[in-house]
Amino acid sequence: MRSYDSKKFLRKGQKSPPRSLDEVKQIKNEIQNQFDLLGKELQRKHKELRLQQDLIQELQRLDEQLQKLTNYIQTLKDEIETDKISLEPINTDIDIRTKEKNRLKTEKEKILSELTES
Numbered sequence: 026m027r028s029y030d031s032k033k034f035l036r037k038g039q040k041s042p043p044r045s046l047d048e049v050k051q052i053k054n055e056i057q058n059q060f061d062l063l064g065k066e067l068q069r070k071h072k073e074l075r076l077q078q079d080l081i082q083e084l085q086r087l088d089e090q091l092q093k094l095t096n097y098i099q100t101l102k103d104e105i106e107t108d109k110i111s112l113e114p115i116n117t118d119i120d121i122r123t124k125e126k127n128r129l130k131t132e133k134e135k136i137l138s139e140l141t142e143s
């Protein structure tokens, strides 16, 4: 921006001296340059804002997806727990039958051993 000499400041009621065409063009160019810089800064800030808004939307989408997956995982956990509970009687029956089978096997081996000894 153009710097002004303190002697050139006018008091109330004083008229400014006429400016040359070159001075007016220089001031106009300086002002235009400032507007251009402000326009570029505004475009940059606008682009940053759009990127931030895009990131926010992506984060919201990911958050929704995470929530859906979390709910799905909880549903699976609940189903697993339900399956465990429903399988308990079957597992108990299997344990009883396995113990009975082992008892019969041991008894059979004992009988066979007695038969071979005699």
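Quick note: the sequence shown uses the numbering used here, first residue 26, plus one each step. All residues carry an ideal CB built from backbone N, CA and C; glycine is no exception. What you are looking at is a predicted structure, and each value in this text was computed from that prediction instead of being measured.
Helix, strand or coil for PRO43 per DSSP?
-> Taking the sequence shown and counting its residues from 1, the one referred to as residue 43 is at position 18. In this structure, PRO43 counts as coil in the three-state DSSP scheme.
Which value, in whole angstroms, describes the spacing of the CA atoms of ILE115 and GLU83?
-> Reading the sequence shown from its first residue, position 90 is the one you call residue 115. Reading the sequence shown from its first residue, position 58 is the one you call residue 83. Taking the straight line joining both Cα atoms gives about 48 Å.
Consult DSSP for SER138 and reduce its assignment to one of helix, strand or coil.
-> Counted from its first residue, the sequence shown places residue 138 at position 113. Of the three classes helix, strand and coil, the one that applies to SER138 here is helix, per DSSP.
Alpha-carbon spacing of ILE105 relative to GLN78, whole angstroms = Along the sequence shown, one-based indexing puts residue 105 at 80. Along the sequence shown, one-based indexing puts residue 78 at 53. Those two C-alpha atoms are separated by around 40 Å.
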